[in-house]
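Trainee: Heads up: the protein sequence lines correspond to chains X and P, in order. With the working numbering, letter number 23 in the first sequence gets 34, and the count goes up by one each step, no holes. With the working numbering, letter number 248 in the second sequence gets 405, and the count goes up by one each step, no holes. The structure follows.
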Amino acid sequence: MEELKSELKAKIIEALNLEEIAVEDIENDAPLFGDGLGLDSIDALELTVLLDKDYGIKVTDPKVGKTIFQSIDTLAHYISENRTK
Amino acid sequence: MQKVYINGSSVAVINSAQLDTTEQWIKINLPKIDSAVIPPAATRRMSKAVKMGIICGLEAMRQADCPNPDGILVGTGKGCLVDSDKFLKAIGEQKEDFLSPTAFIQSTHNTVAGQIALLTKNSGYNMTYSQGRISFESAALDAYIQLTMNEQVSLLVGAVDELSDISIEINQAIDKDQINDTKDIQTEGAGFFVFSNQKDSHALGELKDIDIYRNTADHTSEKQIGEFLKRNQLTINQIDTIIYSSTTVEAPFSTGSPILEKINKIKYNSQTGIFDTDIVFAFDLALKRLNDQTFSTSISLNEGKIQHDQNILICNFGEQNSLMLLSRC
């Protein structure tokens, strides 16, 4: 799981072009949106594409997206249980 | 009719020293943007075109002390090419699946005008013109008409074009003679200006007139220039300097009248290379000359001598042509 979390952080930094943020700067339980990384709605779309492309997970229900995109912990947990790639 | 004044001017082009090269393509080295000017969260999705446009746009507004113009007009020959590259590359590599929304959103031609409006919270008129090498002039003509008709008071007008790796590959793969007969180096850049029909202490010059035209067999640039000056109650010997660009091999003044040949002429592409909206450099150069600012970096710009120019004609010759008349105010 820790390996997946580190992988996720690196992918998020690259996909969202977070130039001034390193993997170690992202706390596992910190919010991804709002006060934490400060991501926005376009980033949510990018994360949805990333889940589909890299892990074979299609997020179609906005309520599910709101839950799993809370933090690296929630995202990694959902991926480990639902991934098809 | 109201008069049109230029109250702020900011351009970003390559350092002319970079043109001393055998390369055919040179990209701008953009400095890191001060996070106090634009927050990092806002710049992370911006391509070079957007960054150049925002930096020049904000600087022109600062110079003109005009933080909230009535509208934003941008010209761009090819739009945001780098993000277009990313999006098109992803379509090919990923077989139209998993496409990034950011690259798509940022690849549109009106991204620069939109981003400036978002950053400055400007909800006014917002227009982007993409008309090849007369894109800036098209935006400027729109602004000129609105200001002379007193429909707006101040407008931010600019242009931007960037190089991308795929655009370079494509242009290298085709006959370059079709793109640029003059073999000038392809570059990138931006320039923004605040146009206003109110003259104040920031006024750098007056934009007297703009004309966009195509040549025909019996209607040459020589003839067009004559008619253009006539409708502005000027004769050719009242023009102090002609600043021009030509993307055709034929020199536009080679068959000109003896008077035209005597006028000080500057082909500015020796300073900027070629990009679709490089005319912004000529516009800025003309404003500097009208304000007796010197140039110490270039022999071809008269070795830094003050010229006391009163009237400057900017000409853009190519497939389509433009004339702009700037005067001291």
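Every residue, glycine too, gets a C-beta built ideally from N, C-alpha and C. Small disclaimer: the values here were computed from a predicted structure and weren't measured.
In angstroms with no decimal places, state the Cα-to-Cα distance between residue 189/P and residue 208/P.
Mentor: Translated into the one-based positions of the second sequence, residue 189/P becomes position 32. Translated into the one-based positions of the second sequence, residue 208/P becomes position 51. In a straight line, the C-alpha of residue 189/P is about 10 Å away from that of residue 208/P.
Trainee: What residues in its chain sit with their C-beta under 7 Å from that of residue 184/P, if we drop five residues either side in the sequence?
Mentor: Position 27 of the second sequence, counted from the start, is the residue given in the question as residue 184/P. The residues are 320, 345.
Trainee: Of all the beta strand (DSSP E) runs that stay within the bounds of the segment 304 to 358 of chain P, which reach a length of 3 or more residues?
Mentor: Here the runs fully enclosed are 311 to 318, 346 to 353.
Trainee: Excluding the five sequence neighbours on either side, which residues of its own chain have a C-beta within less than 7 Å of the C-beta of residue 430/P, listed in chain order?
Mentor: To locate residue 430/P, count along the second sequence from 1; it is residue 273. Closer than 7 Å at the Cβ level, and outside the excluded window around residue 430/P, lie 171, 176, 183, 341, 342, 343, 344.
Trainee: What are the boundary residues of the alpha helix (DSSP H) that residue 180/P is part of?
Mentor: Indexing the second sequence from 1 puts residue 180/P at position 23. Segment: none, residue 180/P is in no alpha helix (DSSP H) and carries neither H nor E.
Trainee: Would you check if the distance between the CB atom of residue 351/P and the CB atom of residue 218/P is smaller than 8 Å?
Mentor: Locating residue 351/P in the second sequence gives position 194, where the first residue counts as 1. Locating residue 218/P in the second sequence gives position 61, where the first residue counts as 1. Contact flag set, yes.
Trainee: Looking only at C-alpha atoms, which of 178/P, 194/P, 482/P sits nearest to residue 397/P?
Mentor: Along the second sequence, read from residue 1 onward, the residue named residue 397/P stands at position 240. Nearest of 178/P, 194/P, 482/P to residue 397/P, Cα basis: 482/P.
Trainee: Which one or two residues does DSSP pair with residue 484/P in a beta bridge?
Mentor: Position 327 of the second sequence, counted from the start, is the residue given in the question as residue 484/P. Answer by DSSP bridge pairing, in chain order: 363/P, 468/P.
Trainee: Between residue 27/X and residue 87/X, which are expected to be in contact by the criterion C-beta below 8 Å, what is the C-beta distance as a whole number of angstroms?
Mentor: As a first step, residue 27/X is located in the first sequence; it is residue number 16 there, counting from the start. As a first step, residue 87/X is located in the first sequence; it is residue number 76 there, counting from the start. Incorrect: roughly 17 Å between the Cβ atoms, too far for contact.
Trainee: List the endpoints of the continuous beta strand (DSSP E) containing residue 403/P.
Mentor: Within the second sequence, residue 403/P is the residue found at index 246, counting from 1. Here the beta strand (DSSP E) through residue 403/P covers 398 to 403.
Trainee: Are any of the Cβ atoms in chain P nearer than 8 Å to that of residue 23/X?
Mentor: For the purposes of this step, residue 23/X is taken as the residue at position 12 of the first sequence. Cβ-Cβ to chain P under 8 Å: no for residue 23/X.
Trainee: Could you check which residue in 76/X, 66/X, 36/X, 83/X has the C-alpha nearest to that of residue 55/X?
Mentor: Locating residue 55/X in the first sequence gives position 44, where the first residue counts as 1. Answer by Cα proximity: 76/X.
Trainee: With 8 Å set as the bound, which would you pick, yes or no: does the beta-carbon of residue 60/X sit closer than that to a beta-carbon of chain P?
Mentor: Within the first sequence, numbered from 1, the residue matching residue 60/X stands at position 49. Interface residue, yes.
Trainee: Give the interface partners of residue 46/X over in chain P, defined as CB-CB distance under 9 Å, in chain order.
Mentor: Locating residue 46/X in the first sequence gives position 35, where the first residue counts as 1. None at all; the shortest Cβ gap to chain P is about 13 Å.
Trainee: In chain P, which residues lie with their C-beta within 8 Å of the C-beta of residue 64/X?
Mentor: Numbered from its first residue, the first sequence carries residue 64/X at position 53. Those are 251, 254, 255, listed as they occur along chain P.
Trainee: Please confirm if residue 90/X has its CB atom under 8 Å from at least one CB of chain P.
Mentor: Residue numbering aside, residue 90/X sits at position 79 when the first sequence is read from its first letter. No, because no Cβ of chain P sits closer than 8 Å to the Cβ of residue 90/X.
Trainee: If the cut is a Cβ gap below 8 Å, which residues of chain X does residue 258/P touch?
Mentor: Within the second sequence, the letter at position 101 stands for residue 258/P. Result: 53, 56, 57, 60.
Trainee: Keeping to the same chain, check which residues put their C-beta closer than 7 Å to that of residue 158/P; ignore five residues upstream and five downstream.
Mentor: The residue you call residue 158/P lines up with position 1 of the second sequence. Around residue 158/P: 305.
Trainee: Taking 7 Å as the limit between beta carbons, can you name the residues of its chain near residue 259/P, skipping five residues before and five after?
Mentor: Residue mapping note: residue 259/P aligns to position 102 of the second sequence, counting from 1. Cβ neighbours of residue 259/P beyond the five flanking positions: 202.
Trainee: Using a C-beta cutoff of 8 Å, does residue 193/P count as contacting chain X?
Mentor: Numbered from 1 along the second sequence, position 36 holds the residue referred to as residue 193/P. For residue 193/P, the answer is no, since every Cβ of chain X falls outside 8 Å of its Cβ.
Trainee: Rounded to a whole number of angstroms, what is the C-alpha to C-alpha distance between residue 65/X and residue 317/P?
Mentor: Against the first sequence, residue 65/X aligns to sequence position 54. Against the second sequence, residue 317/P aligns to sequence position 160. Their backbone Cα atoms lie some 36 Å apart in a straight line.
Trainee: Look up residue 431/P in the DSSP assignment and give the residues it is bridged to.
Mentor: For the purposes of this step, residue 431/P is taken as the residue at position 274 of the second sequence. Its beta-bridge partners are 343/P.
Trainee: Which value, in whole angstroms, describes the spacing of the CA atoms of residue 21/X and residue 34/X?
Mentor: The count along the first sequence starts at 1 and reaches residue 21/X at position 10. The count along the first sequence starts at 1 and reaches residue 34/X at position 23. Each residue's alpha carbon lies about 6 Å from the other.
Trainee: May I ask you to report which of helix, strand or coil DSSP gives residue 425/P?
Mentor: As a first step, residue 425/P must be located in the second sequence, where it is residue number 268. If DSSP states are grouped into helix, strand and coil, residue 425/P belongs with coil.
Trainee: Does residue 368/P come out as helix, strand or coil in the three-state DSSP assignment?
Mentor: Here the question's residue 368/P lines up with position 211 in the second sequence. In this structure, residue 368/P counts as strand in the three-state DSSP scheme.
Trainee: Tell me, to the nearest whole angstrom, how far the beta carbon of residue 161/P is from that of residue 354/P; I am working on the premise that it is less than 8 Å.
Mentor: The count along the second sequence starts at 1 and reaches residue 161/P at position 4. The count along the second sequence starts at 1 and reaches residue 354/P at position 197. Correct: roughly 6 Å between the Cβ atoms.
Trainee: Hey, would you say residue 402/P sits closer than 8 Å to residue 349/P, going by beta carbons?
Mentor: Taking the second sequence and counting its residues from 1, the one referred to as residue 402/P is at position 245. Taking the second sequence and counting its residues from 1, the one referred to as residue 349/P is at position 192. Their beta carbons are not under 8 Å apart, which means residue 402/P does not touch residue 349/P by this criterion.
Trainee: From the beta carbon of residue 262/P, is the nearest beta carbon of chain X less than 8 Å away?
Mentor: Taking the first residue of the second sequence as 1, we reach residue 262/P at position 105. So, interface residue.
Trainee: Rounding to the nearest angstrom, what Cα-Cα distance links residue 165/P and residue 359/P in this structure?
Mentor: Indexing the second sequence from 1 puts residue 165/P at position 8. Indexing the second sequence from 1 puts residue 359/P at position 202. Their Cα atoms are separated by approximately 7 Å.
Trainee: Given this structure, state the Cα-to-Cα distance separating residue 313/P from residue 227/P, to the nearest angstrom.
Mentor: Indexing the second sequence from 1 puts residue 313/P at position 156. Indexing the second sequence from 1 puts residue 227/P at position 70. When rounded, the distance between both Cα atoms is 8 Å.
Trainee: Taking Cβ-Cβ distances shorter than 9 Å, what residues in chain P pair up with residue 30/X?
Mentor: What you label residue 30/X is simply residue 19 of the first sequence in a count that begins at 1. Here the neighbours are 197, 200, 201.
Trainee: Evaluate the contact criterion for the segment 440 to 447 of chain P versus the segment 373 to 393 of chain P: three or more CB pairs, one atom per stretch, below 8 Å.
Mentor: With the cut-off at 8 Å, the segment 440 to 447 of chain P and the segment 373 to 393 of chain P do not touch.
Trainee: Compare the beta carbon distance of residue 479/P and residue 299/P with 8 Å and say whether it is the shorter of the two.
Mentor: Along the second sequence, read from residue 1 onward, the residue named residue 479/P stands at position 322. Along the second sequence, read from residue 1 onward, the residue named residue 299/P stands at position 142. Not closer than 8 Å, so no.
Trainee: Quick check on this structure: which residue in 248/P, 210/P, 223/P has the alpha carbon closest to the alpha carbon of residue 233/P?
Mentor: By 1-based counting over the second sequence, the position of residue 233/P is 76. The residue with the shortest Cα to Cα distance from residue 233/P is 210/P.
Trainee: Under 8 Å between C-beta atoms, does residue 49/X make it to chain P?
Mentor: What you label residue 49/X is simply residue 38 of the first sequence in a count that begins at 1. For residue 49/X, the answer is yes, since a Cβ of chain P falls inside 8 Å of its Cβ.
Trainee: Rounded to the nearest angstrom, what separates residue 61/X and residue 25/X at their Cα positions?
Mentor: Here residue 61/X corresponds to residue number 50 of the first sequence, with the count starting at 1. Here residue 25/X corresponds to residue number 14 of the first sequence, with the count starting at 1. Near 11 Å, if we compare the C-alpha coordinates of residue 25/X and residue 61/X.
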